[in-house]
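There are 2 protein chains.
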Amino acid sequence: MKLYDLELSGNAYRVRLMLSLLGLKAELQTVNLMQGEQRQEWFLKLNPRGQVPVLDDDGTVIWDSLAILVYLARKYGGERWLPSEAKDLAEVMQWLALMENETLYGLGKARVILKFKLPGSLEEAQTLGRRGLNVLEARLAGHDWLALDRFTIADVGCFPYVALAQEGDISLDPYPAVRKWVDRVKQQPGFVSMPGI
Amino acid sequence: MKLYDLELSGNAYRVRLMLSLLGLKAELQTVNLMQGEQRQEWFLKLNPRGQVPVLDDDGTVIWDSLAILVYLARKYGGERWLPSEAKDLAEVMQWLALMENETLYGLGKARVILKFKLPGSLEEAQTLGRRGLNVLEARLAGHDWLALDRFTIADVGCFPYVALAQEGDISLDPYPAVRKWVDRVKQQPGFVSMPGI
Chain A
120 MKLYDLELSG NAYRVRLMLS LLGLKAELQT VNLMQGEQRQ EWFLKLNPRG QVPVLDDDGT
180 VIWDSLAILV YLARKYGGER WLPSEAKDLA EVMQWLALME NETLYGLGKA RVILKFKLPG
240 SLEEAQTLGR RGLNVLEARL AGHDWLALDR FTIADVGCFP YVALAQEGDI SLDPYPAVRK
300 WVDRVKQQPG FVSMPGI
Chain B
120 MKLYDLELSG NAYRVRLMLS LLGLKAELQT VNLMQGEQRQ EWFLKLNPRG QVPVLDDDGT
180 VIWDSLAILV YLARKYGGER WLPSEAKDLA EVMQWLALME NETLYGLGKA RVILKFKLPG
240 SLEEAQTLGR RGLNVLEARL AGHDWLALDR FTIADVGCFP YVALAQEGDI SLDPYPAVRK
300 WVDRVKQQPG FVSMPGI
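Line by line, the protein sequences are chains A and B. First residue of the first sequence? That's 120 in this note's numbering, and the numbers climb one at a time after it. First residue of the second sequence? That's 120 in this note's numbering, and the numbers climb one at a time after it.
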């Protein structure tokens, strides 16, 4: 298994975390975004969107961290991580949708604006990010985990940009249940970290 | 079945389209966003994010259009719309991730900035939207459908904001394969439209 990766990408870290939680090993190949490697023809053949992460599992190529989480959970993790039944599956998907919206375009975007000087409105991103944290806080005040009262890919998906929020100048101080959940994720067997967490 | 809905929301339309394709009927209850109904306590109990659509299927409440598509497909549609096997499932998920990114924050955002005067950078949204259209064009130049060479929730998911692109002042003229795909979706049994499409 090979992961086209970038150490500082929260989206790529999400996959490294999932691989580790499942006890899977993948060769990591860094894609040099500063040198525009993601826009080179060989990489666009793997992922037409020109983004990390991309997983190559013995010739099965999957792009996008949401799709890769779902793939790994279904293929190597089973029902525990991603249920098959409609209602339970939808409950996990709700939080993965929040991951793609409030955490990625809120918390994650605030981080790349500040840390990597990418364009965009910091205030707009922080507002969206805090709106997401409010929703997470309300859920986690009464539950240990985001979906199904167990650790699933919903948690793995949302974790990176929440745990990196301070790099987008968003304090987690007003969100005590979120902070406890971050600690809870860190205590799971197989947890691996990344710079900034 | 009840759908908390807004006629002009592409995210809500995505669910109305899926319901119709599956031959399902739902009572539509309009949530008056102009009057802030989505921020009222009764609605936040249904969806802590304060957004339409929300589906109530005989007491099972699902928020977020991605989660609702997955729910409806799994519960009422079967393998045809959303496969169970890891690789096929991931192929569908890849395009649903593009729906949450390039089409929602690109095409969809350009539309709400122009049509509903919401804040944000029009140029940034249009650039992201066109990047998504390029990826769709490349795929659809060689395939009738986005995933698995059949009509799935990947197509249903991406369709609304692509078909509404001109409302964000993004022409589909440079994307002939995308335009043919839009026509193909419109010809599917059970297709329903919305204002602007």
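Where is the CB? At the ideal position from N, CA and C, for every residue including glycine.
Check: When DSSP labels each residue in this structure, what does tryptophan 337/A get in the three-state scheme?
Finding: Residue 337/A cannot be examined here, being either before or after the span of chain A that is shown, 120 to 316.
Next item on the list: Given a cut-off of 8 Å, decide if glycine 251/B and glutamate 221/B are closer than it, judged by their beta-carbon atoms.
Entry: Taking the second sequence and counting its residues from 1, the one referred to as residue 221/B is at position 102. Taking the second sequence and counting its residues from 1, the one referred to as residue 251/B is at position 132. At a Cβ-Cβ threshold of 8 Å, glutamate 221/B and glycine 251/B count as neighbours.
Check: Closest Cβ-Cβ distance between glutamine 306/A and chain D: below 8 Å?
Finding: Chain labels in this structure do not include chain D; the protein chains are A and B.
Note to self: For chain B, check one thing: does any of its Cβ atoms lie closer than 8 Å to the Cβ of alanine 131/A?
What the structure shows: On the first sequence, position 12 is the one that residue 131/A refers to. Taking Cβ atoms only, chain B never reaches closer than 8 Å to alanine 131/A, which makes this a no.
Item checked: Given leucine 283/A as reference, the closest of Thr271/A, Lys206/A, Arg298/A once Cα atoms are compared -> The residue given as residue 283/A occupies position 164 in the first sequence. Residue nearest to leucine 283/A within the set Thr271/A, Lys206/A, Arg298/A is Arg298/A (criterion: CA-CA distance).
Item checked: Contact with chain A by valine 254/B, beta-carbon distance below 8 Å -> As a position in the second sequence, residue 254/B is number 135, starting the count at 1. So, interface residue.
Next item on the list: Can you grab the Cα-Cα spacing for the pair aspartate 302/A / glutamine 285/A, in whole Å?
Entry: In the first sequence, the residue the question calls residue 302/A occupies position 183. In the first sequence, the residue the question calls residue 285/A occupies position 166. Whole-angstrom Cα-Cα distance: 15 Å.
Checklist line | Extent of the continuous beta strand (DSSP E) run through glutamine 148/B | finding: Within the second sequence, residue 148/B is the residue found at index 29, counting from 1. DSSP places glutamine 148/B in the uninterrupted beta strand (DSSP E) bounded by 146-149.
Note to self: So methionine 212/A contacts chain B; which residues on that side make the cut at Cβ distance below 8 Å?
What the structure shows: As a first step, residue 212/A is located in the first sequence; it is residue number 93 there, counting from the start. Residues of chain B with a Cβ closer than 8 Å to the Cβ of methionine 212/A are, in chain order, Asp183, Leu185, Ala186, Val189, Tyr190.
Notebook entry, point to check: Which residues in the same chain have their Cβ closer than 7 Å to the Cβ of leucine 237/A, if we skip the five residues on either side of it in sequence?
Noted result: Along the first sequence, one-based indexing puts residue 237/A at 118. Correct list, in chain order: Val231.
Next item on the list: Output the boundary residues of the alpha helix (DSSP H) element that contains lysine 236/B.
Entry: By 1-based counting over the second sequence, the position of residue 236/B is 117. That residue, lysine 236/B, is in no alpha helix (DSSP H); it is neither H nor E in DSSP.
Check: Would you say leucine 208/A faces chain B, with C-beta separation under 8 Å as the test?
Finding: Residue mapping note: residue 208/A aligns to position 89 of the first sequence, counting from 1. Chain B has a Cβ within less than 8 Å of the Cβ of leucine 208/A.
Notebook entry, point to check: Closest by CA to tryptophan 300/B, which one among Leu265/B, Leu163/B, Leu125/B?
Noted result: Working through the second sequence from its first residue, we reach residue 300/B at position 181. The shortest C-alpha separation from tryptophan 300/B is found at Leu265/B.
Margin query: Does any residue of chain B have a CB that is nearer than 8 Å to the CB of proline 238/A?
Written below: Here residue 238/A is taken as the residue at index 119 of the first sequence, counted from 1. With 8 Å as the cut-off, proline 238/A counts as an interface residue toward chain B.
Notebook entry, point to check: Can a CB atom of chain A be found closer than 8 Å to the CB of tyrosine 224/B?
Noted result: Residue mapping note: residue 224/B aligns to position 105 of the second sequence, counting from 1. So yes, tyrosine 224/B belongs to the interface.
Checklist line | Cβ pair tyrosine 190/B, alanine 205/A closer than 8 Å | finding: Here residue 190/B is taken as the residue at index 71 of the second sequence, counted from 1. Here residue 205/A is taken as the residue at index 86 of the first sequence, counted from 1. Yes, these two residues count as a Cβ contact at 8 Å.
Margin query: Please report the straight-line C-alpha distance between glutamine 170/B and glutamine 154/A, rounded to a whole angstrom.
Written below: On the second sequence, position 51 is the one that residue 170/B refers to. On the first sequence, position 35 is the one that residue 154/A refers to. Roughly 40 Å separates the two Cα atoms.
Checklist line | For tryptophan 182/B, the three-state DSSP class (helix, strand or coil) | finding: Sequence index remark: in the second sequence, residue 182/B carries index 63 (1-based). The answer is strand: DSSP assigns tryptophan 182/B an E or B state.
Next item on the list: Could you tell me whether the Cβ of proline 279/B comes closer than 8 Å to any Cβ of chain A?
Entry: Indexing the second sequence from 1 puts residue 279/B at position 160. Judged by the 8 Å Cβ criterion, proline 279/B is not in contact with chain A.
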